[in-house]
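Following: one structure in structure tokens, then a few remarks.
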Amino acid sequence: MDTRVERTRSSLQQALLELARERALDEITVGDIAARAGVNRSSFYQHYSDKETLLADALDAAELQAGARVPSFDGGLPVHAPADFVAYLAHFETNAELYRIVLGERGSSVASARLRARFASAASAGVLESGSRAFEGVPLDVVGAGIAGSVLAVIETWLSREPRPAVETAAEWVWRVLVGPGQLD
Numbered sequence: 002m003d004t005r006v007e008r009t010r011s012s013l014q015q016a017l018l019e020l021a022r023e024r025a026l027d028e029i030t031v032g033d034i035a036a037r038a039g040v041n042r043s044s045f046y047q048h049y050s051d052k053e054t055l056l057a058d059a060l061d062a063a064e065l066q067a068g069a070r071v072p073s074f075d076g077g078l079p080v081h082a083p084a085d086f087v088a089y090l091a092h093f094e095t096n097a098e099l100y101r102i103v104l105g106e107r108g109s110s111v112a113s114a115r116l117r118a119r120f121a122s123a124a125s126a127g128v129l130e131s132g133s134r135a136f137e138g139v140p141l142d143v144v145g146a147g148i149a150g151s152v153l154a155v156i157e158t159w160l161s162r163e164p165r166p167a168v169e170t171a172a173e174w175v176w177r178v179l180v181g182p183g184q185l186d
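Quick look at the structure:
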């Protein structure tokens, strides 16, 4: 990709994330985003068809920058959430208000679908890597979708709590859902 295109897209993504930390997403206009990014409205539309796609790309980039990765394990799963996993969830805490909107009832279907697909892919890969037979006879895409839905539901519930528990607490909740209650005995 051309570096100018990449730079403009990155500026638009950062502008939207900054604005979303200041006010409600539905109050932010394309004009606001373009002005914050230092480009004109036509530049916005050269790169994005709508605000929703920009939001999804911005969250993708922020999540990637947060170091999202599936930890690999030699042998059994740890009892507690790995440090990499806690660090990854810190990204959601940093952008809590935005994710509350995105994952909420009137959220972003594009951004939440992309997030769900990434979680499902990571979950499927994790199940394969673990060699677990717990899901024998269930198609892998079904397992991935079920795990992804559960994880997103826990994250959404955590972000909606007032006061919001610490990221370490949320990581333990998600981890317990991931490994299952029987694994921690």
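Position in the sequence shown counted from 1, then plus 1, gives you the numbering used here. Even glycine gets a Cβ: it sits at the ideal position worked out from N, Cα and C. It should be emphasised that the depicted structure is a prediction, and the values quoted were computed from it without experimental measurement.
Coil, strand or helix - residue i by DSSP
| i | result |
| --- | --- |
| H92 | helix |
| S113 | helix |
| S50 | coil |
| A135 | coil |
| D61 | helix |
| L78 | coil |
| V144 | helix |
| D186 | Residue confidence is low: D186 scores 45 on pLDDT, short of 50, so the model does not pin down where it sits. Its coordinate-derived value is still stated next. Of the three classes helix, strand and coil, the one that applies to D186 here is coil, per DSSP. |
| I102 | helix |
Environment of residue i [buried if 16+ CB atoms lie within 10 Å]
| i | result |
| --- | --- |
| R10 | buried |
| A84 | exposed |
| G127 | buried |
| D27 | exposed |
| V175 | buried |
| A118 | exposed |
| G183 | Unreliable placement is indicated for G183, whose pLDDT of 47 sits below 50; the coordinate value is still reported in the next sentence. Flag for G183 reads exposed. |
| A38 | buried |
| L129 | exposed |
| L160 | buried |
| S125 | buried |
| V143 | exposed |
| A135 | exposed |
| S43 | exposed |
| L104 | buried |
| S109 | buried |
| L13 | buried |
Distance between residue j and residue i (C-alpha atoms, nearest Å)
| i | j | result |
| --- | --- | --- |
| S113 | A21 | 16 Å |
| D3 | F45 | 16 Å |
| R24 | L99 | 10 Å |
| V87 | V152 | 14 Å |
| V155 | L116 | 14 Å |
| D186 | A172 | In this predicted model, D186 has a pLDDT of only 45, less than 50, meaning its place in the structure is not dependable enough to derive any value. |
| D58 | V178 | 28 Å |
| A63 | V6 | 18 Å |
| P79 | I29 | 43 Å |
| H48 | A67 | 24 Å |
| D51 | E19 | 17 Å |
| A36 | A82 | 41 Å |
| N41 | D33 | 10 Å |
| G145 | V180 | 13 Å |
| L55 | L17 | 8 Å |
| R162 | S133 | 33 Å |
| D61 | E106 | 20 Å |
*Contact between the region 78-97 and the region 161-179: three or more CB pairs below 8 Å?*
yes
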